[in-house]
Amino acid sequence: MNLVRYLCAPAALGVMLFSGCSSPNGQPRQGSESLAPNEVLEFRTLYSENCAGCHGPEGRGGAAIALADPVYLAIADDTAIRKVISNGVRGTAMPAFAESAGGMLTDKQIDVITKEIRSRWTRQGILSGANPPSYAPKSAGDAQRGEVAYKTYCESCHGPGGHGGPKGSAIADDSFLALVSDQGLRTIVIAGRPEWGAPDWRGNVSSKPMSDQEVTDVVAWLGSRRSQNPGQPYSVSNDPKH
Numbered sequence: 002m003n004l005v006r007y008l009c010a011p012a013a014l015g016v017m018l019f020s021g022c023s024s025p026n027g028q029p030r031q032g033s034e035s036l037a038p039n040e041v042l043e044f045r046t047l048y049s050e051n052c053a054g055c056h057g058p059e060g061r062g063g064a065a066i067a068l069a070d071p072v073y074l075a076i077a078d079d080t081a082i083r084k085v086i087s088n089g090v091r092g093t094a095m096p097a098f099a100e101s102a103g104g105m106l107t108d109k110q111i112d113v114i115t116k117e118i119r120s121r122w123t124r125q126g127i128l129s130g131a132n133p134p135s136y137a138p139k140s141a142g143d144a145q146r147g148e149v150a151y152k153t154y155c156e157s158c159h160g161p162g163g164h165g166g167p168k169g170s171a172i173a174d175d176s177f178l179a180l181v182s183d184q185g186l187r188t189i190v191i192a193g194r195p196e197w198g199a200p201d202w203r204g205n206v207s208s209k210p211m212s213d214q215e216v217t218d219v220v221a222w223l224g225s226r227r228s229q230n231p232g233q234p235y236s237v238s239n240d241p242k243h
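Numbering (the working numbering), first residue to last: 2 to 243.
So, in structure tokens, the structure goes:
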């Protein structure tokens, strides 16, 4: 038995030495290297590390809108989505992700995110032949008309003056308005927040969808209630106690 062990030991040592020679000392084996952050092109990794914190797992929404909302994808084209990812939205919690704008993502990585959001979460026929308001406004809004439109389409959920109601949150609140852009407001009015049960522009009043101009005017009215210098203490004008 000892003789067998004695004879086998040199052979085993030779195999170990031979296998060791195939990989030079100090060099990792092929395929074992970790990718540098700017080389990652896998959508799930890019989304989970850069988007999911605000837009929710699988794009289902969180502090920010649901990117997996097919109505949103029907009104926002790839150029608009890519622009927001690249440059962020000034004055809101949406940062710029492009390296050219001070972020950490390359153009290729932003292309992957934009393309995959569209290909994974678009749903054909979601508009059912309806003609939605445009993603961006086509004309200036009128706050006075917007107040009338708000009472017609929004007040039943969000309450008088936008201070909140039994079905919806306060959307004329200083804190909220300080964190959302006019485009963000427009997007929410058109696409709704389906993850919260908030309807899109077609569902506020039965058989009476909001027109493009009414959406523009509601956003103008909400914008007129935004504090010019947000911070505490907020203006008492938007406090439902006053």
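Virtual Cβ for every residue (Gly too), placed ideally from N, Cα, C.
Contact annotation: G147 and W197 have beta-carbon atoms that are not nearer than 8 Å.
R187 is classed as buried because its beta carbon has at least 16 other beta carbons within 10 Å across all chains shown. Remark: three or more beta-carbon pairs, one from each stretch, lie closer than 8 Å, so the stretch 127–146 and the stretch 212–226 are flagged as touching. In terms of CA proximity to G126, P71 leads the group A171, D108, C158 and P71. When DSSP states are grouped into helix, strand and coil, L68 belongs to the coil group. When DSSP assignments are scanned along the stretch 52–126, no uninterrupted stretch of beta strand (DSSP E) that is 3 or more residues long falls wholly within it. Each residue's CA atom was taken as its position, placing E156 and E43 some 43 Å apart. Between the alpha carbons of D79 and R119 lies a distance of about 8 Å. Using a 10 angstroms sphere on the CB of V85, the tally of other CB atoms reaches 16 or more, which defines it as buried. Shown here, A199 sits in a strand according to DSSP, grouped into three states. A buried status is given to Q110, since no fewer than 16 other beta-carbon atoms sit within 10 Å of its beta-carbon. One Cα belongs to S35, the other to W122, and the distance between them is close to 29 Å. Taking C-beta separations shorter than 7 Å and ignoring five residues to either side along the sequence, the partners of I172 in its chain run H159, G163 and L223, following chain order. Shown here, R187 sits in a helix according to DSSP, grouped into three states.
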